[in-house]
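Notes to accompany the following structure.
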Amino acid sequence: VNENSQTEEMVSEVKQLLELINDSPELEKALSSPILETDAKKKIIIEIFSNKVNSSLLNFLKLLADRQRIGILTSILDRFLEIYRENSNIALATVTSAVELTDEQKGLITKKIINIAGTEKLELVTKIDPSLIGGFVASVGSKVIDASLASQIKKLGLSLSK
33 VNENSQTEEM VSEVKQLLEL INDSPELEKA LSSPILETDA KKKIIIEIFS NKVNSSLLNF
93 LKLLADRQRI GILTSILDRF LEIYRENSNI ALATVTSAVE LTDEQKGLIT KKIINIAGTE
153 KLELVTKIDP SLIGGFVASV GSKVIDASLA SQIKKLGLSL SK
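Mapping of the sequence shown onto the numbering used here: residues 33 to 194, in sequence order.
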């Protein structure tokens with residue numbers, strides 16, 4: 033039970049870390065910079081992350097800086113989450129919609145995707161793309177569900193042109 037809660041805590045921190053890095057292109061650029069010295073990168077890591085992540089994860093980040101691998105941090109963290117999902121039988125679904133989805137809509141879409149994907153656990157990532165006009169596009173693994181207004185208009189245009 034203790035090991036499982038530690039894993040869940042680590043997963044939560046890794047997700048926060050990825051979000052922080054993805055929200056700050058300057059930070060990612062600084063950590064990947066070949067010009068910035070290792071000590072400077074470690075100082076940045078300590079200043080930004082010391083109160084946000086546990087000591088094990090912080091030490092891992094410093095180790096990556098020492099080994100000059102901190103530039104591929106997002107790839108490493110993404111792979112960690114991928115392995116976690118595989119081991120926990122959690123499917124990752126990406127849903128792109130024209131507007132922000134309500135919690136009720138997310139719940140309905142999650143239920144539909146669980147039925148289609150044949151999985152019990154699902155992690156939902158939402159994105160916004162106004163070019164869809166309306167509806168959504170969901171993808172789980174190699175399966176794609178396109179329920180967007182933009183694709184329906186395109187199909188209608190193709191059928192009218194025949």
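Heads up, the beta-carbon is just placed ideally off N, CA and C, and yes, glycines get one too.
Just so we're clear, the structure is a prediction, and the values are computed from it rather than from any experiment.
Residue i versus the options, residue with shortest Cα-Cα distance
{"i": "Glu-45", "options": "Phe-92, Ser-65, Leu-164, Thr-126", "result": "Phe-92"}
{"i": "Lys-143", "options": "Ala-125, Arg-117, Ser-193", "result": "Ala-125"}
{"i": "Ile-160", "options": "Gly-166, Gly-150, Ala-130", "result": "Ala-130"}
{"i": "Arg-99", "options": "Ser-120, Pro-66, Ser-82, Leu-113", "result": "Pro-66"}
{"i": "Gly-167", "options": "Lys-138, Ser-87, Ile-102", "result": "Lys-138"}
{"i": "Lys-175", "options": "Ile-145, Leu-192, Ser-163", "result": "Ile-145"}
{"i": "Ser-87", "options": "Asp-178, Asn-36, Glu-41, Gln-184", "result": "Glu-41"}
{"i": "Ile-108", "options": "Ile-185, Ile-80, Gly-189, Leu-96", "result": "Leu-96"}
{"i": "Val-9", "options": "Asn-34, Ala-149, Gly-189, Asp-71", "result": "This structure cannot settle anything about residue 9, because the visible part of the chain is limited to 33 through 194."}
{"i": "Lys-84", "options": "Lys-61, Leu-50, Glu-69", "result": "Leu-50"}
{"i": "Thr-39", "options": "Ile-177, Leu-140, Ile-104, Ile-115", "result": "Ile-115"}
{"i": "Thr-70", "options": "Gln-184, Lys-94, Lys-186, Gly-189", "result": "Lys-94"}
{"i": "Pro-162", "options": "Glu-79, Leu-133, Asn-34, Asn-119", "result": "Leu-133"}
{"i": "Asn-54", "options": "Asp-135, Ile-104, Arg-117", "result": "Ile-104"}
{"i": "Ser-56", "options": "Glu-35, Asn-36, Asn-34, Ile-80", "result": "Ile-80"}
Inter-residue CB distance, residue i and residue j (contact presumed, cutoff 8 Å)
{"i": "Ala-170", "j": "Val-127", "result": "5 Å"}
{"i": "Leu-192", "j": "Ser-180", "result": "So it is not a contact: roughly 18 Å between Cβ atoms."}
{"i": "Leu-63", "j": "Ile-102", "result": "5 Å"}
{"i": "Leu-90", "j": "Ser-82", "result": "6 Å"}
{"i": "Thr-106", "j": "Glu-60", "result": "7 Å"}
Reduced DSSP secondary structure (H/G/I, E/B, other) of residue i
{"i": "Lys-73", "result": "helix"}
{"i": "Arg-106", "result": "Checking the displayed sequence, the identity of residue 106 turns out to be Thr instead of Arg. In the structure shown, Thr-106 sits in a helix (DSSP, three-state: H, G or I)."}
{"i": "Ile-67", "result": "coil"}
{"i": "Lys-194", "result": "coil"}
{"i": "Gln-100", "result": "coil"}
{"i": "Val-85", "result": "coil"}
{"i": "Thr-134", "result": "coil"}
{"i": "Gly-189", "result": "helix"}
{"i": "Gly-173", "result": "coil"}
For residue i, the residue or residues it bridges with in DSSP
{"i": "Ala-123", "result": "Leu-154"}
{"i": "Asp-55", "result": "Bridge partners of Asp-55: none, in fact."}
{"i": "Phe-168", "result": "Ser-129, Ala-179"}
{"i": "Lys-159", "result": "Thr-128"}
Is there contact here, the segment 66-76 with the segment 40-56, by at least three beta-carbon pairs under 8 Å?
-> The answer is no - the segment 40-56 does not touch the segment 66-76, with fewer than three Cβ pairs under 8 Å.
Please determine if the segment 147-160 and the segment 108-125 are in contact, where contact requires at least 3 C-beta pairs separated by less than 8 Å.
-> Yes, they touch.
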